[in-house]
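Okay, structure first, notes after.
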Amino acid sequence: MTRPFRFGLGKLEIPDSDDWLKSSRQVEDEGYDILLVPDHLGKTAPFPPLVATAAVTGLRVGTGVLNSGFYHPPLLARDAATTDRLTGGRLELGLGTGYAHPEFHALGLDPGTPKDRVDRLEATVAQLISIFSAPESVPAPVQKPMPLLIAGNGNRVLRLAAEYADIVGFIGMRYDPTSPGGLRLISTEEFAERVAYFEEVVGARSAEVERNLLIQAVVVTDDRDAAIRHIQQTQLPIPLEELERSPLLLIGSVEQIIGQVQEIRDRYGISYLTVMDAHQEAFRPVVEVLAGK
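Put into structure tokens, the structure is as follows:
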């Protein structure tokens, strides 16, 4: 089954009221389907801006994605259910393990090992599902079930998404404390293997789970080769061949990028793409052409 395209816009800005409402309306006017807020210290809190966006638009809203290690599951369930009610049942709850060690340390938390972080994510997902499905839970979300996005790269996270998620978030990145931001791009072959692994473990639930990808860069240019070389020299010092082939980097003319997005869906089954606000304007012509198709 080929799903129609769906496009998300992630916003990192710390809002004031008027600017946030104006920018939310712009996101909707440009054809995006969902506005998402990430979860990083030093940036905006995830839930309050989503309520404000839903009050002035018809957009769906989501967390993209919460660091499960920061939250006590019953309190997170309360906040998510309240947000779902205040947004009229438009919340999509995105969860991940978290990776930024300085943020854990700033909260007095031990990030632990990757296994520890996946353990926390797994426990959080189980508790949230239990709370949301209990008839006596108050507040109760409008949506039953609450749409859940689980994002990650490793086998255990992808198995968790295969069992419980409504949306699997492929990130195409791997934790690397030596890289700026703590993540590095994985190879195209490894990305394809990760998608294939998910297809293997999702089994009979395959048609139920939407596939999402967080795009790392959108560059509209008539000189694709020069743009890729510039990215290699200034941002990602990895072989040019990898940059040219990576599904995480959309580079070229608008027509070329439209073709790349269609190839992502054809090759990987990924129909839901998210870009961050730095790439909103560059990606807008692609959204105009492909939204809902």
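One gets the working numbering by counting positions in the sequence shown from 1 and adding 121 to each.
Cβ coordinates follow ideal geometry from the N, Cα and C atoms, glycine included.
- For Thr165 against Ile135, the beta-carbon gap comes to about 5 Å, under 8 Å, which counts as contact.
- Annotation: the segment 168-255 contains the following complete segments of the beta strand (DSSP E) (minimum length 3 residues), in chain order: 181-184 and 212-217.
- The beta-carbon distance between Val330 and Asp287, rounded to whole angstroms, is 7 Å. This is short enough to meet the 8 Å contact definition.
- Leaving aside the five residues that flank Arg238 on each side, the residues in its chain whose CB is nearer than 7 Å to its CB run, in chain order, Gly190, Thr218, Gly219 and Pro232.
- Under the criterion of beta carbons closer than 8 Å, Leu242 and Leu216 qualify as touching, at roughly 6 Å.
- Residues of the same chain with a CB within less than 8 Å of the CB of Gln248, apart from the 5 flanking positions on each side, are Pro194, Pro195 and Ala198 in chain order.
- A check of alpha carbon separations from Val158 across Gln381, Glu402, Val172 and Ile378 identifies Val172 as the nearest.
- Here Met294 is buried. Its C-beta has 16 or more other C-beta atoms within 10 Å.
- Taken through DSSP and simplified to helix, strand or coil, Thr123 comes out as coil.
- A direct Cα-to-Cα measurement between Asp160 and Gln383 gives close to 29 Å.
- Looking only at Ala313, Gly163, Arg326 and Leu364, the smallest Cα-Cα distance to Ile349 is reached by Leu364.
- With contacts defined by Cβ atoms closer than 8 Å, Ser374 and Asp343 form a contacting pair.
- Following the DSSP letters along the chain, one finds Gly152 in no beta strand (DSSP E), marked with neither H nor E.
- Inter-residue distance for Leu281 and Leu394 is about 21 Å (C-alpha atoms, whole angstroms).
- For Asn276, the enclosing alpha helix (DSSP H) starts and ends at Asn276 to Tyr285.
- For Arg350, the enclosing alpha helix (DSSP H) begins and ends at Arg345 to Thr355.
- Using a Cβ-Cβ distance cut-off of 8 Å, the segment 308-326 and the segment 265-282 are in contact, since at least three pairs of beta carbons, one from each stretch, lie closer than that value.
- Listed as beta-bridge partners of Val339 by DSSP are Leu371.
- Here Val158 is bridged, per DSSP, to Thr184.
- Comparing alpha carbon positions, the residue from Glu284, Ser251, Leu357 and Ile271 closest to Gly303 is Leu357.
- Taking every protein chain shown into account, the CB of Asp139 has fewer than 16 other CB atoms within 10 angstroms, so this residue is exposed.
- In the same chain as Phe168, and ignoring 5 residues on each side of it, the C-beta atoms closer than 6 Å to its own belong to Asp200 and Thr204, in chain order.
- Residue pairing for Leu306: DSSP places it in a beta bridge opposite Met294.
- By the neighbour-count criterion, in which 16 or more other beta carbons inside 10 Å mark a residue as buried, Met122 falls on the exposed side.
- CA-to-CA, the gap between Ala399 and Val148 works out to about 13 Å.
- For Val410, there is no enclosing beta strand (DSSP E); the residue is part of the alpha helix (DSSP H) that begins and ends at Gln401 to Leu411.
- No Cβ-Cβ contact shorter than 8 Å links Val396 with Ile359.
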